[in-house]
Every structure is written in C-alpha cells, then in structure tokens.
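Under this note's numbering, think of the first position of the sequence shown as 684, with each following residue one higher. Note that beta-carbon positions come from the ideal geometry of N, C-alpha and C, so glycine has one too. Computed from a predicted structure; not experimentally measured.
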Amino acid sequence: MRLQLPTIIFLCLSLIVVVPLIFYMQTGDQMATREAINLEGQEFKSLREQAAVAHNAKRHTAAIQIYAEALKMRPDNAEVHNDLGATCYEYGLDYAGPNWPSWTTDLTNQTPVEAVHELETAIMEVGSGYIVMNSDKPDVTAAIDERAQTADAYIYTQQFNEDVTMNIVIGKTKELFMKARDHYLRAIDIKPTYPRPYYNLGALYMKIGQHDTAVDYLEKAYQLDPRDKDLEAYLNELRSDNRGYISVPIDGR
C-alpha cells in the first residue's frame with residue numbers, strides 16, 4: 684500500500700515533535716537521578732561531618748546515632764564503620780573511668796573460692812572497665828574463667844611459664860569494645876587495603892592485654908601504610924618492650 688503525500692508529511696511532522704520529546708523526557712529523568720545522587724552525597728557528607736564534631740566533643744551517644752544514620756545510607760562504607768568503631772572504643776573508655784586497669788589483683792596462694800570472691804568484689808566495685816588478675820594455679824584460673832563468662836565478661840588469658848594473667852573486660856566497656864571490634868572487622872571486610880581499622884584493632888587489643896594479636900594487626904596496618912613513622916616507632920617499641928604492653932592511640936580519622 685502506497686502512502687499518500689499528506690500522510691507522509693503528517694508522519695514526518697510527528698517524528699519531529701515526538702523524538703525530541705522522548706529524548707527530553709529521558710534526559711530529564713537522568714538529570715533528576717543525578718540530582719538525587721548529589722543530594723544524597725551532600726547529606727552523607729554532612730552526617731559524617733556532624734558525627735566527627737560530636738566525637739571530638741565527646742558527645743559519644745550523638746556521634747554513634749549520627750554514624751548509624753550515615754550507615755543506613757551507605758552500609759558498605761568502610762570509613763564510617765572505622766569511625767563508628769573509634770567512637771564506640773572511646774565511649775567504652777569513658778565508662779571505665781580514669782584508671783586503667785580498673786582493678787588489679789594477685790591471686791597467688793588463694794583458693795578457687797577466694798579468687799572467685801575477689802572477682803565478684805571487683806565486678807561489683809568497678810561496674811564497667813578492665814580487671815587484671817594474676818595466678819599460678821590452674822584450678823584458680825579455671826574458676827575465674829568460668830565465673831567471668833557467667834558474668835558476661837570478655838576474658839583473655841596469657842601464660843608466662845607458671846604464671847597466668849587474666850584480662851577481663853566488663854559492663855558497658857565490654858559491650859562498647861566488642862561493638863568497636865565488630866565495626867573495625869566490617870571495615871576490613873569491605874576494604875581490605877584500608878589501614879586504619881587494622882591499626883585501631885591493634886590499639887584495642889593492646890589495651891586489653893592481647894599483645895600478640897595487637898602486634899599482628901599493627902604490622903598489617905604498617906604494611907599497608909609504610910609511610911606512617913609514628914606506627915613504625917610504636918612497633919619498634921612493642922618489639923623491644925619486655926612487659927608486652929604499651930598504649931597505642933586510636934586513629935578515628
């Protein structure tokens with residue numbers, strides 16, 4: 684069937700009008716999408732800035748809430764997980780108060796019953812913080828470990844010849860430290876080449892007496908960022924420190 688001239692003209696005019704309209708609609712959708720992305724990016728950046736201000740002002744509850752809002756927008760952002768972990772860590776220290784360790788006891792010559800009573804007294808007095816106990820008897824160590832776990836504490840034991848050091852984290856400090864650990868690990872899962880969560884995990888484990896684990900994470904951080912001279916100095920001090928403990932600052936940047 685042959686199209687008559689008026690029909691052909693009508694079709695051509697229709698194409699002239701419709702094609703630009705379709706293109707305009709598509710372009711408009713793309714522009715709207717870009718604007719939405721830009722607005723989300725600005726909001727996300729603003730949340731991070733607000734959280735950092737709250738963190739630096741030690742308004743930890745506010746900082747945690749704001750970082751959580753940022754993670755709702757971008758749950759796979761390694762930097763926010765790291766920064767939230769740093770805030771949880773600092774908050775846990777605040778709960779522990781000015782003394783670290785919060786309580787130290789030498790359980791040498793004590794029976795398991797006496798040792799458990801000492802731990803219960805420490806838990807009641809400290810409430811939230813870090814308890815260090817030393818013993819040279821396996822039955823005392825076992826009794827302390829069992830009682831600490833029933834108290835929902837985090838316990839890590841180190842043995843040096845006959846002597847055992849029990850590192851016990853309790854209360855809100857334990858809860859917040861474990862949240863910090865989990866956020867650091869999540870940051871590493873998301874971005875394995877990002878050095879800060881390795882560094883911060885090292886600092887956390889050093890704080891609670893897990894020297895070997897701490898050094899492993901700090902060395903990994905240094906491998907990823909060998910220009911960090913402060914970290915290099917920390918590692919050199921750790922390797923030469925016979926006590927197996929120095930304090931390492933958290934990097935929440």
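The beta-carbon distance between L907 and T876, rounded to whole angstroms, is 6 angstroms. This is short enough to meet the 8 angstroms contact definition. Exclusion of the five residues before and after C771 leaves L859, K862, A863 as the residues of its chain whose Cβ lies within less than 6 angstroms of its Cβ. Two segments are said to touch when three or more pairs of C-beta atoms, one from each, lie closer than 8 angstroms; by this definition the region 838 to 847 does not touch the region 804 to 813.
DSSP, read as helix, strand or coil, puts Y877 in coil. Judged by DSSP secondary structure, I827 falls within the alpha helix (DSSP H) whose first and last residues are 821 to 833. In this structure, S811 keeps its C-beta atom at 8 angstroms or more from the C-beta atom of V847. DSSP lists I853 as the bridge partner or partners of G812. The C-beta separation of V823 from Q793 comes to about 6 angstroms, placing the pair in contact by the 8 angstroms criterion. Note that the C-beta distance between Y905 and D913 is not below 8 angstroms. Between T787 and V815, the gap from beta carbon to beta carbon is short of 8 angstroms. Counting along the chain, T791 sits inside no alpha helix (DSSP H), nor does DSSP assign it H or E at all.
Assignment of Q893 by DSSP, reduced to helix, strand and coil, places it in the coil class.
Taking a C-beta distance under 8 angstroms as the contact criterion, A870 and N765 qualify as a contact pair. Here R830 is buried, its C-beta having at least 16 other C-beta atoms within 10 Å. One alpha carbon belongs to I873, the other to N883, and they sit about 16 angstroms apart.
Annotation for K741: no alpha helix (DSSP H) segment contains it, and DSSP assigns it neither H nor E. Sequence-distant Cβ neighbours of P784 in its own chain, meaning closer than 6 angstroms and more than five residues away, are Y813, V815. The distance from the Cβ of E723 to that of M756 is about 6 angstroms, consistent with a contact at the 8 angstroms cut-off. Residue pairing of S818 in beta bridges, as defined by DSSP: V847.
Taking the Cα of P795 as reference, the smallest distance to any Cα among G780, A825, K741 is reached at A825.
Pairing L754 with L921, the inter-Cα distance amounts to about 35 angstroms. CA-CA distance, A779 to P758, rounds to 30 angstroms.
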